[in-house]
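Have a look at the structure below before the remarks.
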RNA sequence: GCCGACGUAGCUCAGCUGGUAGAGCACUUCACUCGUAAUGAAGGGGUCCGCGGUUCGAAUCCGCGCGUCGGCUCCA
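Encoded structure:
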């Protein structure tokens, strides 16, 4: 048979030849360094046979940055960790250990809980294995044999995996450890030049909180020690951009233990918050939204009608009152907007009605889920509910997507779109979901939105178009969302009178484009590393009088700039000018104006963030600010 | 909520195996009146997260609670 190499040349091989055979046929050095073969674009273990006519690409230790090459290295590293753990902790049961972005993990069921300091012991054992060297061998066996093998090894998790695995069952063995594994794996452990265990965490078996909790050991590995060092440095750099750290440094917000998950916004953070709110209000008005305000608390009956009592109660703050009454603090605005819509007879001529409200919402998020501004209990969504006819759905969805793109474009953010379909705890029939999902998907296609499908990720009342973004530490967060809902208006008995003088069901599009101001600001802080563009910066210009004598002049300049609509403060001369400039730089203020004997309104010394200086008249400076 | 770690001055952190708390920055005062990333000196500031326990003695050891961090689950 023949295979095609990346340079288009053909390589003649005996039938049944493997990737490794192909490498040997090309050269011994290549065979030694090979870690993986890509056959017709799919990664494959070197030990597996190739097919006639396949285009193959051999990946070697020199492809040290290739994601597939790294994945195989890390997958094999995970197996080394499992071998080490089995040797060190007799009675431990192994579960699963895949490569992940930036590393790998392996889940174990330990007879006794282990602690973080145990990682050092395990790390040492893995290093011993690496020094000794390990070779991987692969074999395929029947399902029954696999069950027997793992029964004999007392590995119940492996047996469960055998039972649910698709396709042939393959085993990989290195040293004293044989694992059920699809592969691929390295030939041997020589390419693993750097391996570091990075963390310990609980993780439910199969990601199911009703199943036993296992102990997950995280690690990472590289083909080159330098790459590990670089990775750790990048983590450290990312940590500096963490919005929680910058929020404190830049005096934007803080959290207090008396209200976990609820930020206390400092004046500077509030300046950003308000800027976004102003943007929202202005743009909503342009786009035909109607601003409303609805109650923060409602009685239980309202939540029963909306379905929240059944589906969302655990995340709600409840207020017990006398006579067995219970009020719930709203976690969403939708029920209030339903009441608004239902407060009058609606004609088809009134639709669509777009109610907008950025009210504080409270969700009693699990304590362990809280995370700076990105996961809070006090959340402010830039919420709106569009009540429309079935025919109006496509145009309204298009308008939402356009709005979304406009907003994200302002920040240069490029979120990933996810189309989230019916969840397990859905309200409504499959037919209704078919329709709603169809509308959303069509809108995505029509607007050329690239998206992935999040099966079962939808809200309980409807499918969603979600926008996700990754924070500085690689964690994914949902920002905006557009959801199509026919359940809630139906539960509230909402209808409109059609041209046919008959009542029709009304549809609701729930949409939040920033998602929540809290999370969005958190993401913005990291996105800009705290160096906000002029229009978002809490302090846009700082005036620094050189000495006491320049106080009045500096105040006058500040006043003029404020009149022009900018956020300006004055750094009085209690410190040297050099110190005050340094402070302003650390606060990442976009412009600093030094005002001394040499300056006047006709000639200001303007320093841009970063150190660039120029001399401008006040009028020219205002003009310059306006263009940014 | 679950697993693991952590909680010392406003902030960042030091404080070995228990002997009664420290640095830098910030703050206050004084001197300096200053030109584009740190002037100098002095001073104030801590229920060592909370509650219990062990001990002659607890920031330090143990238990419980609260909070934070890394994950899991859940979610904007």
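Residue numbers (this note's numbering): 2 to 629. Positions of the beta carbon are idealized from the N, C-alpha and C atoms, including for glycine. Nothing here was measured: the structure is a model prediction, and the numbers come from that model.
Is the distance from the Cβ of residue 596 to the Cβ of residue 545 below 8 Å? In the first chain, residue 596 corresponds to position 595, counting from 1. In the first chain, residue 545 corresponds to position 544, counting from 1. Inclusion of residue 596 and residue 545 in the CB contact set at 8 Å is warranted, their separation being smaller than that value.
Using the three-state DSSP reduction, which class does residue 450 fall into: helix, strand or coil? Within the first chain, residue 450 is the residue found at index 449, counting from 1. Residue 450 falls in the coil class under three-state DSSP.
Proximity below 8 Å, CB of residue 473 to CB of residue 490: Here residue 473 corresponds to residue number 472 of the first chain, with the count starting at 1. Here residue 490 corresponds to residue number 489 of the first chain, with the count starting at 1. Not a contact, by the Cβ cut-off of 8 Å.
Assuming the contact rule is C-beta atoms closer than 8 Å, residue 220 and residue 196 should be a hit. Round their C-beta distance to whole Å, please. Here residue 220 is taken as the residue at index 219 of the first chain, counted from 1. Here residue 196 is taken as the residue at index 195 of the first chain, counted from 1. Indeed, because the Cβ distance is near 6 Å, the residues count as touching under 8 Å.
Proximity below 8 Å, CB of residue 339 to CB of residue 495: Numbered from its first residue, the first chain carries residue 339 at position 338. Numbered from its first residue, the first chain carries residue 495 at position 494. Cβ atoms of residue 339 and residue 495: closer than 8 Å.
With DSSP run on the structure shown, which of helix, strand or coil describes residue 464? Position 463 of the first chain, counted from the start, is the residue given in the question as residue 464. Shown here, residue 464 sits in coil according to DSSP, grouped into three states, outside any helix or strand.
Am I right that residue 492 and residue 316 are in contact with their C-beta atoms under 8 Å? What's the rounded C-beta distance? Within the first chain, the letter at position 491 stands for residue 492. Within the first chain, the letter at position 315 stands for residue 316. No, residue 492 and residue 316 are not in contact; Cβ-Cβ is about 19 Å, not under 8 Å.
Find the nearest neighbour of residue 610 within the set 574, 541, 325, judged by alpha-carbon distance. By 1-based counting over the first chain, the position of residue 610 is 609. Measuring from the Cα of residue 610, the nearest candidate turns out to be 541.
Between the CA atoms of residue 159 and residue 91 - distance to the nearest angstrom: What you label residue 91 is simply residue 90 of the first chain in a count that begins at 1. What you label residue 159 is simply residue 158 of the first chain in a count that begins at 1. Roughly 17 Å between the two C-alpha positions.
Under a three-way DSSP split, which group does residue 103 fall into? Within the first chain, residue 103 is the residue found at index 102, counting from 1. Looking at residue 103 - three-state DSSP - the assignment turns out to be coil, as it is neither helix nor strand.
Between the stretch 286 to 296 and the stretch 461 to 475, do at least 3 Cβ pairs fall closer than 8 Å? no
Take the Cβ of residue 250 as the centre, count every other Cβ of all protein chains shown within 10 Å, and call the residue buried at 16 or more, exposed below. Counted from its first residue, the first chain places residue 250 at position 249. When all chains shown are included, residue 250 counts as exposed.
Return the chain-ordered list of same chain residues with a C-beta closer than 7 Å to the C-beta of residue 600, the five sequence neighbours on each side being excluded. Taking the first chain and counting its residues from 1, the one referred to as residue 600 is at position 599. Counting only Cβ-Cβ distances below 7 Å, and skipping sequence neighbours, we find 606.
If you draw a straight line from the alpha carbon of residue 135 to that of residue 143, how long is it in whole angstroms? What you label residue 135 is simply residue 134 of the first chain in a count that begins at 1. What you label residue 143 is simply residue 142 of the first chain in a count that begins at 1. Rounded to whole angstroms, residue 135 to residue 143 spans 25 Å at the Cα level.
Can you tell me where the beta strand (DSSP E) with residue 615 in it begins and where it stops? What you label residue 615 is simply residue 614 of the first chain in a count that begins at 1. Residue 615 -> beta strand (DSSP E) spans 614 to 617.
Classification of residue 447 by the beta-carbon crowding that lies within 10 angstroms, buried from 16 upward: Sequence index remark: in the first chain, residue 447 carries index 446 (1-based). Exposed.
Give me the DSSP bridge partner(s) of residue 171. The residue labelled residue 171 in the question sits at position 170 within the first chain. Note: residue 171 sits in a beta bridge opposite 141.
Taking three-plus beta-carbon pairs below 8 Å as touching, is the stretch 62 to 78 in contact with the stretch 184 to 194? yes
Distance check for residue 173 and residue 12, CA to CA, integer angstroms please. For the purposes of this step, residue 12 is taken as residue 11 along the first chain, with counting starting at 1. For the purposes of this step, residue 173 is taken as residue 172 along the first chain, with counting starting at 1. Roughly 29 Å between the two C-alpha positions.
Taking Cβ positions, are residue 398 and residue 444 nearer each other than 8 Å? Your numbering for residue 398 matches position 397 in the first chain. Your numbering for residue 444 matches position 443 in the first chain. Yes, these two residues count as a Cβ contact at 8 Å.
Measure the CB-CB distance between residue 519 and residue 242 and report whether it falls below 8 Å. Counting from one through the first chain, the residue named residue 519 turns up at place 518. Counting from one through the first chain, the residue named residue 242 turns up at place 241. Their beta carbons are not under 8 Å apart, which means residue 519 does not touch residue 242 by this criterion.
Is the stretch 73 to 89 touching the stretch 199 to 208, taking contact as three or more C-beta pairs under 8 Å? Contact between the stretch 73 to 89 and the stretch 199 to 208 is absent, because fewer than three Cβ pairs lie under 8 Å.
Residue range of the alpha helix (DSSP H) that residue 580 falls in? Mapped onto the first chain, residue 580 falls at position 579. Residues 578 to 587.
DSSP state of residue 378 mapped onto helix, strand, coil: Stepping through the first chain from its first residue, residue 378 is reached at position 377. Three-state result, residue 378: coil.
Which residue spans inside the stretch 415 to 444 form an unbroken beta strand (DSSP E) run of at least 3? Within the stretch 415 to 444, the complete beta strand (DSSP E) runs of at least 3 residues are 417 to 421.
Do the CB positions of residue 521 and residue 277 come within less than 8 Å of each other? Counting from 1 along the first chain, the entry for residue 521 is found at position 520. Counting from 1 along the first chain, the entry for residue 277 is found at position 276. Yes; because the gap between Cβ atoms is below 8 Å, this pair is in contact.
Could you check how far apart the C-beta atoms of residue 419 and residue 453 are, in whole angstroms? I think they sit under 8 Å. Along the first chain, read from residue 1 onward, the residue named residue 419 stands at position 418. Along the first chain, read from residue 1 onward, the residue named residue 453 stands at position 452. At roughly 5 Å, the Cβ-Cβ gap stays under 8 Å, so residue 419 and residue 453 are in contact.
Which word fits residue 333, buried or exposed, when buried means at least 16 other C-beta atoms lie within 10 angstroms of its C-beta? What you label residue 333 is simply residue 332 of the first chain in a count that begins at 1. The residue in question, residue 333, is buried, as its Cβ has 16 or more Cβ neighbours within 10 Å.
Please work out which residues of its chain come closer than 7 Å, Cβ to Cβ, to residue 348, disregarding the five sequence neighbours upstream and downstream, and give them in chain order. Working through the first chain from its first residue, we reach residue 348 at position 347. Excluding positions up to five away in sequence, the list reads 497, 498.
Range of the contiguous alpha helix (DSSP H) that encloses residue 250: Residue 250 sits at position 249 when you count from the first residue of the first chain. Run containing residue 250: 244 to 250, per the alpha helix (DSSP H) assignment.
Whether or not the stretch 148 to 168 and the stretch 113 to 120 are in contact is what I'm after, with contact meaning three or more pairs of Cβ atoms, one per stretch, closer than 8 Å; do they touch? no
Close Cβ partners of residue 616 (< 8 Å) along its chain, the five nearest in sequence each way excluded: For this step, residue 616 is matched to residue 615 along the first chain. So the list reads 604, 605, 606, 607, once near-sequence residues are dropped.
Which of helix, strand or coil does DSSP assign to residue 182? Counting from one through the first chain, the residue named residue 182 turns up at place 181. The answer is coil: DSSP assigns residue 182 none of H, G, I, E or B.
Residue 375 to residue 52 span [Cα, whole Å]: Start at 1 with the first residue of the first chain, and residue 375 comes out as number 374. Start at 1 with the first residue of the first chain, and residue 52 comes out as number 51. Those two C-alpha atoms are separated by around 49 Å.
So the beta strand (DSSP E) residue 339 belongs to, where does it begin and stop? Walking along the first chain from the start, residue 339 turns up at place 338. In the DSSP assignment, residue 339 falls outside any beta strand (DSSP E) and within the unbroken alpha helix (DSSP H) covering 335 to 342.
Count the other CB atoms within 10 Å of the CB of residue 47; is the residue buried (16 or more) or exposed (fewer)? Mapped onto the first chain, residue 47 falls at position 46. Label assigned to residue 47: buried.
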